[in-house]
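Asks:
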Amino acid sequence: MRKLRTWMLCGGVLFWLPTLHAQTTFPQNGVADPRSGYYAFTHATLVKDATTTLKDATLIVRDGRIVSVGVGGAVPKGAVEVNCSGKFIYPSFVDAYSDYGTPPPPPRQSGFNFSAPAQLTSPTKGAYSWNAAIRPEQNAARVFATDENKAKALRDAGFGTVLTHVKDGIARGSGALVSLASDKENMTLLKEKASAHYSMNKGSSTQSYPGSMMGIIALLRQTYLDAQWYKANPEKEGRNLSLVAWNELQQLPQIFEANDKWNALRADRIGDEAGVQYIIKAGGNEYQRIAEMKATSATFILPLAFPQAQDVEDPADARMVSVSDMKHWELAPTNPAAFEKAGIPFCLTTSDLRDTKEFLSNVRKAIAYGLTEGAALNALTKTPATVLGVYNEVGSLDAGKWANFFISSGPIFNDGATIYQNWVQGKKHSVREESWAEPKGTYKVVFNTASGPVEYTLNVKSGTSAALVAGNDTVTSRFYFDGRSVRLNVAPERSPDTRFRLSGTVGAEGWSGYGEDSVGNRFTWTAVNMPVNAAAKSDSARRKTPGTLGKVVFPFEPFGWEEGAAPKQETILIQNATVWTNEGDGILQNTDVLLRNGKIAQVGKGIAASGARVIDGTGKHLTPGIIDEHSHIAAASINEGGQSVTSEVRIGDNLAPDDINIYRQLSGGVTTSHILHGSANTIGGQTQLIKLRWGANDEGLKFKGADPFIKFALGENVKRSPAAQNNRFPDTRMGVEQVLTDAFTRAKDYEKAWKDYEANKGKKGAVAPRRDLELDALVEIMNEQRFITCHSYVQSEINAAMKVADKLGFKFNTFTHILEGYKVADKMKTHGANASTFSDWWNYKMEVIDAIPQNASIMQRVGLNVAINSDDAEMARRLNQEAAKSVKYAGMSEEDAFKMVTLNPARMMHIDKQVGSVKVGKDADVVLWSDNPLSIYAKSLYTIVDGTIYFDREKDVQMRQSLAAERQRLVKKMVGEKRSGAPVSTAQPTYQLMHTCSDHAHSHGLLTIDVQETE
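Numbering-wise, the sequence shown is residues 0 to 1014 according to numbering that gives the first Met the number 0.
1. Is DSSP giving H830 helix, strand or coil here?
2. Ignore the nearest five residues each way along the sequence and tell me which others in G388's own chain have a CB closer than 7 Å to its CB.
3. How about A970 and V142: are their beta carbons less than 8 Å apart?
4. Buried or exposed: which applies to F814, given that a residue is buried once 16 or more other Cβ atoms fall within 10 Å of its Cβ?
5. Taking the DSSP output, what are the residues bridged to A576?
6. Ignore the nearest five residues each way along the sequence and tell me which others in A540's own chain have a CB closer than 8 Å to its CB.
7. Could you check the C-alpha separation between S296 and A263 for me, to the nearest Å?
8. Using CA coordinates, which residue listed in E965, G831, S91 and P335 is at the minimum distance from V423?
9. I need the DSSP call for K326, collapsed to helix, strand or coil.
10. For the beta strand (DSSP E) that E191 lies in, which residues bound it at each end?
11. Quick one: measure Cβ to Cβ for V648 and G214, integer angstroms, because I've assumed they're closer than 8 Å.
12. Rounded C-beta distance between K364 and P332? I'm assuming under 8 Å.
13. Using only alpha-carbon positions, find the residue among S666, D658 and V735 that is nearest to D697.
14. Would you give the residue range spanned by the alpha helix (DSSP H) that Y888 belongs to?
15. Using the beta-carbon count (16 or more within 10 Å), is G975 buried or exposed?
16. Could you tell me whether the Cβ atoms of A834 and M801 are closer together than 8 Å?
17. Enumerate in chain order the residues of its own chain whose CB-to-CB distance from C789 is below 8 Å, with the five nearest sequence positions on each side excluded.
18. Do the stretch 742-755 and the stretch 775-794 make contact, defined as three or more Cβ pairs closer than 8 Å?
19. Please name the residue in A150, I674, N200 and K356 whose C-alpha comes closest to that of A633.
20. What residue range does the alpha helix (DSSP H) around F950 cover?
21. When DSSP labels each residue in this structure, what does A540 get in the three-state scheme?
22. Just to confirm my understanding: we take D538, look at its own chain, exclude 5 residues before and 5 after, and list those with CB closer than 8 Å. What are they?
23. For M993, write down the residues that DSSP places opposite it in a beta bridge.
24. Please work out which residues of its chain come closer than 8 Å, Cβ to Cβ, to L962, disregarding the five sequence neighbours upstream and downstream, and give them in chain order.
25. Tell me the DSSP secondary structure of N528 in three-state form.
26. Given that a residue counts as buried once 16 or more other Cβ atoms are within 10 Å of its Cβ, and exposed if not, what is D771?
27. Based on the DSSP secondary-structure assignment, which residues constitute the bridge partners of A43?
28. For K356, count the other beta carbons within 10 Å of its own beta carbon; 16 or more makes it buried, fewer makes it exposed. Which is it?
29. Are E492 and S461 closer than 8 Å when you measure CB to CB?
30. Do you know how far the Cα of A850 is from the Cα of H909?
31. Tell me where the alpha helix (DSSP H) around P335 begins and ends.
32. Report, in whole angstroms, the separation of the C-beta atoms of G425 and G63, which I expect to be a contact under 8 Å.
33. Under 8 Å between the Cβ atoms of L594 and I571?
34. Can you say whether T1035 is buried or exposed, counting buried as having 16 or more other CB atoms within 10 angstroms of its CB?
35. Leaving out the 5 sequence neighbours to the left and right, which residues in its chain are closer than 6 Å to I867 when beta-carbon positions are compared?
36. In three-state terms, what does DSSP make of E515?
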């Protein structure tokens, strides 16, 4: 009886075995063709894996599997021999990040739209997650369909296996491992559930929440908690198929699409909290923070979608392209090499490419930029197979594995190497098979003349073009090759008297035949391909090197510092300055201040400090660093407006350390900023206090040990007054009051439920309540572990909010904006609130029509602690001047005015023990000004944070010159790229997104987009 094929399941992976059973579930339309496929690939240079290469090797394949691999050996009886002399055989590549064979997702939706109705519930039908972007039940195998056009493009690039998934949603469900064979789905589906997938992209979900980066992070954090809680089968939840699927997927490899260096860190922290180690899909800019990438301990999947050079020949176009974008174009190909150098495991993927045809050329480009060939091969074979748990099936040429391999003309990463065939599951797929017999290469030719053998080198370019190398001379030859016979007519010494005519046949070991010289002497000749020499050539001999490259700077922005050149904490002695202490000593003349170990060590006259850096303060003013109580810089998102209560979201989850406004505000003397959630909802998100440590990563920016705060809001933004179709509660100021009442009533019930559980958790039947991140934050407020800063304008709603707080047992720490504060200052004082206001903003919307420039002074005289804030990235550079306006408008003393941007905000944020005044023991956050800091002529000469000079005006001038030179170098390089004939893209302006509360319409320049943060 004939042996046919059947499937066997082992370890969740399907594979073929010979069997005596002839039946399958699929009927045959026509005559059955049960051939098993038995092949011997002989005389090949066989690359088993990145560390093992066999010469003159034989690969035996049967029934879709590798039977044996070895050097030499007889061809088994019954096997079809394929002579691969001069050819290379590699394991077919594995792509760990693909959407091959899955339906394209619907168009991506935007977040919360302030002017449009909110979609508050999921449109998904069935017992699934409350949020449409959480789709763990999505199963790629259920929708997978073979696509021969896409499969061929991948096979042509050397791939045989891909991990595919549906690229839609935040939780995207399970991925399937499939082969790229031209066969039915039941034969190409290798593993139904091979991975679980996540992203920072809500995809096609039309639901309003989440509408921000921090909302996405909060949703993932909450879903992990919910899934753990659901394991106890809570009766009140009923049947939640999404949480069932989520829990089932946790044992699979967990892959997170980050697509950015900072998102990679954000994803890793989500995983750390949940006890999950993600495999992280990168975006291509991770080389800019490679130390942080290594600290994740993750395996990365790296795309090779390198940016094209931009057409910057026109200076008008060039000035719109940032240096950062041009530097990224130059350095992006170094990304894989940076991972290899750092010892971070990684895979390579075709994902994000404009065209799959670019893949191999981009791998070669990455090699030219420092990636080793061994690391490249591992990243395409062993590493992806290993992280997916299928290295026993694919990823190398070992007996028992799938017969997935391709045959190439030479080392695959050599320029010009051609893939002839790609065999997948033991079946041949032609790539450039017509070139199989093409003699292209370098040959050692021996003429066996009567006077002895004579050796030459023959460079064959095609079947009709060849050149003979004789000594230092290269002579063009008349050449013919048809795969069976070969003819050569050449005069090595460029003389008719030395002409040779050769003819011969093509054999397994090379070419051989007879020749005749110009006088009729006959001789034999041989020619042998020299692949070993080609393979042994160094990268530099085979590839165009990238030339001089710019340096990675931290942050990856203008005015960043190179590795090893970061500003360092110093011992600094500032002598003979006018010192604004903000303490009982007031303003001290001709005074010295010593900074040591990041602290203010001494204040007085005649201070001496051995080894200190001395700065002459004569005629200059030294003050505490400016503190901005209300800012929206350095964050990837500011508003989560999808719901009225979003206390679960955290600004600290999405800090953006590359924001140039950090450096700009340092130039204005700012050392500390309070990054607030926006004002789109009654109870917004948790805030983040940062120090402006330019060049630090996101964790390095955070003000350690500071009390946590949260943003609330009242008024027109919350009730969405301009939105004619508002369907999100509340719609009135009365509704705002009820949102507060309801939220804190729920928080009280939640706190009681946990206390009851803690008291009875050892008893039978005690079930833990569901952990709710939203209510956790509100319980912290009630227990004075978190503090409120509240967007506010109108006296009536300010009164109402304080009454709700008094009734429910919490307090408003700070009212920000508070432009009608002068009307309710006495009530605010009784409540115990602080006031953080604008200097003289007025009439930018109806609820500020009663604003007056004397507001800050009146509130101060009533006894409130008053600060002036910016709420604007540009204005924060001049907060000293904003404070001075109260001297002009209301006759406030200069000292009291300056305290409104230093000591007073420090007090309202509970950090006055660390910053806000020049006092021994406090943090060395100080600014040396050229003039009285309240003067419009005052410039920050040095801005010092923790004893580190982060802004030096003289150095800034030098950096501007260096920056101009770097821009010119990069423009010249891009222009050269265009003139070399390389493809270039139209110059694209580099836009900066600027976050605000959307309460005012300031123009920040042609290339700045004011993000409408209530949208």
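From the three backbone atoms N, C-alpha and C, an ideal C-beta is built for every residue, glycine too. Every value quoted in this text rests on a predicted model; they were computed, and no experiment measured them.
Replies: The answer reads as follows:
1. Here the question's residue 830 lines up with position 831 in the sequence shown. Three-state result, H830: helix.
2. As a first step, residue 388 must be located in the sequence shown, where it is residue number 389. So the list reads P252, once near-sequence residues are dropped.
3. In the sequence shown, residue 970 corresponds to position 971, counting from 1. In the sequence shown, residue 142 corresponds to position 143, counting from 1. Per the sequence shown, the amino acid found at residue 970 is Val instead of Ala. Against a cut-off of 8 Å, the Cβ pair of V142 and V970 comes out as no contact.
4. Looking up residue 814 in the sequence shown gives position 815. Under this definition F814 is a buried residue.
5. As a first step, residue 576 must be located in the sequence shown, where it is residue number 577. DSSP, once it has assigned bridges, lists T590 as partnering A576.
6. Locating residue 540 in the sequence shown gives position 541, counting from the first residue. Because the pLDDT at A540 is just 38, under 50, the model does not fix this residue reliably, and the value given afterwards should be weighed accordingly. Cβ within range, chain order: n/a, list empty.
7. For this step, residue 296 is matched to residue 297 along the sequence shown. For this step, residue 263 is matched to residue 264 along the sequence shown. The alpha-carbon atoms of S296 and A263 are separated by roughly 11 Å.
8. To locate residue 423, count along the sequence shown from 1; it is residue 424. Selected option, being the one with the closest Cα: S91.
9. One-based indexing of the sequence shown puts residue 326 at position 327. Of the three classes helix, strand and coil, the one that applies to K326 here is helix, per DSSP.
10. Within the sequence shown, residue 191 is the residue found at index 192, counting from 1. Unbroken beta strand (DSSP E) run through E191: L188 to S198.
11. The residue labelled residue 648 in the question sits at position 649 within the sequence shown. The residue labelled residue 214 in the question sits at position 215 within the sequence shown. 5 Å between Cβ atoms; contact.
12. Residue mapping note: residue 364 aligns to position 365 of the sequence shown, counting from 1. Residue mapping note: residue 332 aligns to position 333 of the sequence shown, counting from 1. Confirmed, Cβ separation roughly 5 Å.
13. The residue labelled residue 697 in the question sits at position 698 within the sequence shown. When each option's Cα is compared against that of D697, the closest is D658.
14. The sequence position of residue 888 within the sequence shown is 889, counting from 1. From DSSP, the alpha helix (DSSP H) with Y888 extends over L878 to A889.
15. To locate residue 975, count along the sequence shown from 1; it is residue 976. Exposed, because fewer than 16 other Cβ atoms sit within 10 Å of the Cβ of G975.
16. In the sequence shown, residue 834 corresponds to position 835, counting from 1. In the sequence shown, residue 801 corresponds to position 802, counting from 1. The answer is no: Cβ separation not under 8 Å.
17. For the purposes of this step, residue 789 is taken as the residue at position 790 of the sequence shown. Cβ within range, chain order: K710, F711, A712, L713, A800, F811, T813, F814 and T815.
18. yes
19. Looking up residue 633 in the sequence shown gives position 634. Closest by alpha carbon: I674.
20. Residue mapping note: residue 950 aligns to position 951 of the sequence shown, counting from 1. Premise fails: F950 lies in the beta strand (DSSP E), T947 to D951, not in any alpha helix (DSSP H).
21. Taking the first residue of the sequence shown as 1, we reach residue 540 at position 541. Reliability fails at A540, whose pLDDT of 38 lies under 50, so the model's placement of it is uncertain and no value is given.
22. Residue 538 sits at position 539 when you count from the first residue of the sequence shown. For D538, the predicted structure reports a pLDDT of 41, less than 50, and the residue's modelled location is therefore unreliable. The matter cannot be settled from this model.
23. Position 994 of the sequence shown, counted from the start, is the residue given in the question as residue 993. Beta-bridge pairing links M993 to D1009.
24. The residue you call residue 962 lines up with position 963 of the sequence shown. Closer than 8 Å at Cβ, skipping near neighbours: V322, P557 and F558.
25. As a working note, residue 528 is residue 529 in the sequence shown. Of the three classes helix, strand and coil, the one that applies to N528 here is strand, per DSSP.
26. Against the sequence shown, residue 771 aligns to sequence position 772. That one is buried.
27. Sequence index remark: in the sequence shown, residue 43 carries index 44 (1-based). Partner(s): A56.
28. Residue mapping note: residue 356 aligns to position 357 of the sequence shown, counting from 1. Flag for K356 reads exposed.
29. Residue 492 sits at position 493 when you count from the first residue of the sequence shown. Residue 461 sits at position 462 when you count from the first residue of the sequence shown. Contact flag unset, no.
30. Position 910 of the sequence shown, counting from 1, holds the residue named residue 909. Position 851 of the sequence shown, counting from 1, holds the residue named residue 850. So the alpha carbons of these two residues sit roughly 28 Å apart.
31. For the purposes of this step, residue 335 is identified with residue 336 of the sequence shown, where counting begins at 1. Residues N334 to A341.
32. For the purposes of this step, residue 425 is identified with residue 426 of the sequence shown, where counting begins at 1. For the purposes of this step, residue 63 is identified with residue 64 of the sequence shown, where counting begins at 1. G425 to G63, Cβ: 3 Å. Contact.
33. Translated into the one-based positions of the sequence shown, residue 594 becomes position 595. Translated into the one-based positions of the sequence shown, residue 571 becomes position 572. Contact: yes.
34. One cannot answer for residue 1035 here, as it falls past the ends of the chain, which runs 0 to 1014.
35. Position 868 of the sequence shown, counted from the start, is the residue given in the question as residue 867. These residues qualify, in order along the chain: S838, E881, A882, M899 and V900.
36. Taking the first residue of the sequence shown as position 1, residue 515 is located at position 516. Strand.
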